[in-house]
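Notes follow the structure.
In the UniProt record's numbering, the protein residues as written are 1 to 555.
Here it is as structure tokens:
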């Protein structure tokens, strides 16, 4: 029973109290009844332990009790095996392949069956452990708990690996050594979405109701893109908003419009000009701009404007902004919470009205200063290892999600060169090995002949010695000694069976692992972390854009 409660306190007498009571009866000669009253122990219970002590300690001067109280409930797995199982569950959760309660029950049965443990009949019938065992197991292991996981895409989980992170920090270190930047010259820019439908905060309500509601403006909200740029010194520039629509407001407004409300290449060019105006950068006062490698950021005109005004552009590896981008780490989380609370208050103060995109600028004006504080901004740069520079900011546990693939992306452009180099090296190795084999074969033949002669002589001597020893043993060993030898041999065989190595949980159910990467050429080149002020990276970007435009024209 999962919720069983004891009805009495029988069998809960501490062992040291029971031992003192037994010693007083045996050593001091007191009656069982009087000692039982003094220690508040049932008379029959104390009498039973006194008889056990006298039987077990007839030839001993010191009285001992082997066991006090009821026997513990028999468990399927020992403490050691349960610890191994808990380590497996934690490892599976760390690599984002955690087990559900039902999968745990199935795996427990597989683990017990593989190691030939004795299991209850209902385990064998259902091919899984019981619900009571699973609940008790999690309760016994304080390091485990039932959690609701957050959905994470495969690209995001596997792209954040040591190869990509080391490449990013290598490029960042190159920029630092070349430009000698101050914290005020290191900037991060990113977009986030603000919708007209907020996520309501928790409220206090009546207990027992299954559904508690709170008003929003609509079922689905309209998206407004907010672009923010912050520096490692804690400063920020006015935000840049992109509204859904065709026409924007008056000339000079800090924003733009398009039907989708998302950032596009033409909007990125406007924002770059907006950023250069407020950051006051030039070739004499260069700055570093960190951003994700979304296609809207990589337009050739925008990169040309950056180069002309001393802006060095460095992109994050794909799908790694949740770990490497300062705005995502410390600013946008508080901003979303403040916006949700502000929209909740707006709905209360404007009862019966609908919150629209025209009200978002006022909400952003009120909430952005609360989220983009110097403390939060500098904490984001520090947590990502960008400023102060710390390429070892992420421990190995941060990369466990990439265990499944755990391999760098192949370089398809250098496949032919690599194959030629490998073939040349293999031919050289084969030639060297053939020359070595010819020289060594003659020496080995001579050594083998000498060893065979020595082995034959030793074998003949050993056979003679064994025959003599066997004759002597047959004379000396009697029938009783033979029986003892047979018993010892049987015991050794039993011990060998008991000491057979048990299978670990990982051997029973290996962790998921992707196969080797195929060297087939991709139709589309995979994006990587890029340092766009380099001529080669800019040239590849220009070539790719030109090819895309040609395809659009021909189609």
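The C-beta atom is built at its ideal place from N, Cα and C for all residues, glycine as well.
### Query
Which stretch, first to last residue, makes up the beta strand (DSSP E) that contains residue 148?
Taken as a continuous stretch (DSSP letters only), residue 148 belongs to no beta strand (DSSP E), as it is neither H nor E.
### Task
Could you work out which residue in 295, 320, 301 and 290 is closest to residue 313 when comparing CA atoms only?
290
### Query
At what residues does the beta strand (DSSP E) containing residue 289 begin and finish?
287-291
### Task
Report yes or no: do the segment 283-302 and the segment 265-275 share at least 3 C-beta pairs separated by less than 8 angstroms?
yes
### Query
Skipping 5 residues on each side, what residues in its chain have a beta carbon closer than 6 angstroms to that of residue 35?
Around residue 35: 21, 24 and 25.
### Query
How close, in whole Å, do the beta carbons of residue 223 and residue 191 come, if the pair is a contact with beta carbons under 8 angstroms?
Their Cβ separation, rounded to whole angstroms, is 11 angstroms, which puts residue 223 and residue 191 out of contact at 8 angstroms.
### Query
Taking C-beta to C-beta, are residue 243 and residue 257 nearer than 8 angstroms?
yes
### Query
By Cβ distance, which residues of its chain are closer than 7 angstroms to residue 68, with the 5 residues on each side in sequence left out?
Hits under 7 angstroms: 13, 15 and 18.
### Query
Helix, strand or coil for residue 380 per DSSP?
Reduced to three states, the DSSP call for residue 380 is helix.
### Task
Given a cut-off of 8 angstroms, decide if residue 335 and residue 371 are closer than it, judged by their beta-carbon atoms.
yes
### Query
With 16 as the cutoff for other CB atoms within 10 Å, does residue 148 come out buried or exposed?
exposed
### Query
Rounded C-beta distance between residue 507 and residue 88? I'm assuming under 8 angstroms.
The pair is not a contact, with the Cβ atoms about 10 angstroms apart (cut-off 8 angstroms).
#### Entry: 8 angstroms Cβ shell around residue 363 - same chain, five flanking residues per side excluded
194, 339, 342, 343 and 346
### Query
How is the beta strand (DSSP E) around residue 240 delimited, first residue to last?
For residue 240, the enclosing beta strand (DSSP E) stretches over residues 240-244.
### Whether residue 189 touches residue 117 by CB criterion (8 angstroms)
no
### Task
Measure the C-alpha to C-alpha separation of residue 56 and residue 66 and round it to an integer number of angstroms.
9 angstroms
### Task
Kindly indicate which residue of 111, 196, 97 and 381 has the alpha-carbon position closest to the one of residue 355.
196
### Query
Are the segment 320-333 and the segment 375-391 touching by the rule of at least three beta carbon pairs closer than 8 angstroms?
Verdict: yes, contact present.
### Task
Report the three-state DSSP secondary structure of residue 503 (helix, strand or coil).
coil
### Task
Using the DSSP secondary-structure output, state which residues sit across from residue 187 in a beta bridge.
231 and 289
### Message
Relative to the C-alpha of residue 333, which candidate in 377, 139 and 358 has its C-alpha closest?
### Response
377
### Message
By alpha-carbon positions, which one of 502, 273 and 141 ends up nearest to residue 310?
### Response
That would be 273, whose Cα lies nearest to the Cα of residue 310.
### Query
Would residue 320 pass as a contact of residue 77 if the rule is Cβ separation under 8 angstroms?
no
### Query
When burial is assigned at 16 or more other CB atoms within 10 Å of the CB, is residue 178 buried or exposed?
It counts as exposed.
### Query
Going by C-alpha distance, which of 350, 395 and 169 is nearest residue 387?
169
### Task
Whole angstroms is fine: what's the gap from residue 110's alpha carbon to residue 397's?
28 angstroms
### Query
Cβ of residue 163 within 8 angstroms of Cβ of residue 405?
no
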